[in-house]
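*Asks:* Questions regarding the structure given below will be posed in turn.
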Amino acid sequence: MLAPVLSDFLARYPGVTLDIVQTDAVVDLLSERTDVAVRAGPLKSSRLVARKLGETAMVIVGAPAYLTRLGVPRTIADLDRHDRLGFSYVRAADGWPLRRDGETVVVPPVGRVQASDGEALRQLAIGGNGLARLARYTVRDDIAAGRLVPVLEAFNPGDREDFHAVHVGQGGPLPARVRALLDFLAERGTVA
Numbered sequence: 428m429l430a431p432v433l434s435d436f437l438a439r440y441p442g443v444t445l446d447i448v449q450t451d452a453v454v455d456l457l458s459e460r461t462d463v464a465v466r467a468g469p470l471k472s473s474r475l476v477a478r479k480l481g482e483t484a485m486v487i488v489g490a491p492a493y494l495t496r497l498g499v500p501r502t503i504a505d506l507d508r509h510d511r512l513g514f515s516y517v518r519a520a521d522g523w524p525l526r527r528d529g530e531t532v533v534v535p536p537v538g539r540v541q542a543s544d545g546e547a548l549r550q551l552a553i554g555g556n557g558l559a560r561l562a563r564y565t566v567r568d569d570i571a572a573g574r575l576v577p578v579l580e581a582f583n584p585g586d587r588e589d590f591h592a593v594h595v596g597q598g599g600p601l602p603a604r605v606r607a608l609l610d611f612l613a614e615r616g617t618v619a
């Protein structure tokens, strides 16, 4: 979400410098001396202030070569014969929610590979290492280019993953650089 808009932010605010750390791990903003973090998914209760930036749909994808080799899953039960790439850290969700007969079924991501980073999961899926459930904005270009193919869309529950900017500060004044970044990200926040 950040990379495509940071050039515009830097052009608008030439006096602000950025030190960007990309990780899917939850960073302790105080101990890491971090002004702002962008977090996807449900937020845990904390003393941080959160500002919703947008939301995105989720999609299960696989590489064409992988799907040719193992078959395109047509039912939830078909997932049993597939490597399901997942995150290697505990997330708020226990697995992949899917809808069947009006009920939600949660399928755990079980397979040979897990990663702590969404971009790593994307690359693993493109490389034919399994199916991945990722934010649609993350894989939109890959789907358009044919590198990844959505699967089990009939079972997609239509859930959306929120993303927020979080920062320290309980209503006190924010440094101008933090306020500028928060306002800019909120202005550019998208629903994908």
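Be aware that the sequence shown starts at 428, since it is given in my numbering, and climbs by one per residue.
Heads up, the beta-carbon is just placed ideally off N, CA and C, and yes, glycines get one too.
Everything numeric in this text was worked out from a predicted model, so none of it was measured.
Only counting the same chain, and skipping five residues up and downstream in sequence, which positions put a Cβ closer than 8 Å to that of Thr531?
*Replies:* Counted from its first residue, the sequence shown places residue 531 at position 104. Within the same chain, Thr531 has close Cβ partners Pro524, Leu525 and Pro584.
*Asks:* Residues bridged to Ile487 by DSSP?
*Replies:* Counting from one through the sequence shown, the residue named residue 487 turns up at place 60. Answer by DSSP bridge pairing, in chain order: Arg560 and Val578.
*Asks:* Any idea if Val488 is buried or exposed, counting beta-carbon neighbours within 10 angstroms, 16 or more meaning buried?
*Replies:* Sequence index remark: in the sequence shown, residue 488 carries index 61 (1-based). Val488 should be labelled buried.
*Asks:* Nearest CA to the CA of Tyr440: which residue from Arg615, Thr565, Leu608 and Glu614?
*Replies:* Taking the sequence shown and counting its residues from 1, the one referred to as residue 440 is at position 13. The residue with the shortest Cα to Cα distance from Tyr440 is Leu608.
*Asks:* From the DSSP output, read off the bridge partner residues of Leu525.
*Replies:* The sequence position of residue 525 within the sequence shown is 98, counting from 1. Val532, per the DSSP bridge assignment.
*Asks:* Can you grab the Cα-Cα spacing for the pair Gly599 / Glu588, in whole Å?
*Replies:* Here residue 599 is taken as the residue at index 172 of the sequence shown, counted from 1. Here residue 588 is taken as the residue at index 161 of the sequence shown, counted from 1. So the two alpha carbons sit approximately 28 Å from each other.
*Asks:* Is it true that the CB of Arg466 sits closer than 7 Å to the CB of His591?
*Replies:* As a position in the sequence shown, residue 591 is number 164, starting the count at 1. As a position in the sequence shown, residue 466 is number 39, starting the count at 1. Yes.
*Asks:* Does Gly513 come out as helix, strand or coil in the three-state DSSP assignment?
*Replies:* As a working note, residue 513 is residue 86 in the sequence shown. In the structure shown, Gly513 sits in a strand (DSSP, three-state: E or B).
*Asks:* For Gln449, name the three-state secondary structure that DSSP assigns.
*Replies:* Position 22 of the sequence shown, counting from 1, holds the residue named residue 449. DSSP places Gln449 in coil when its eight states are reduced to three.
*Asks:* What residue range does the beta strand (DSSP E) around Arg508 cover?
*Replies:* As a position in the sequence shown, residue 508 is number 81, starting the count at 1. Where Arg508 is concerned, there is no enclosing beta strand (DSSP E), given that its DSSP letter is neither H nor E.
*Asks:* DSSP puts Ala572 in a beta bridge; with which residues?
*Replies:* Residue mapping note: residue 572 aligns to position 145 of the sequence shown, counting from 1. In the DSSP output, where bridge partners are listed per residue, Ala572 has none listed.
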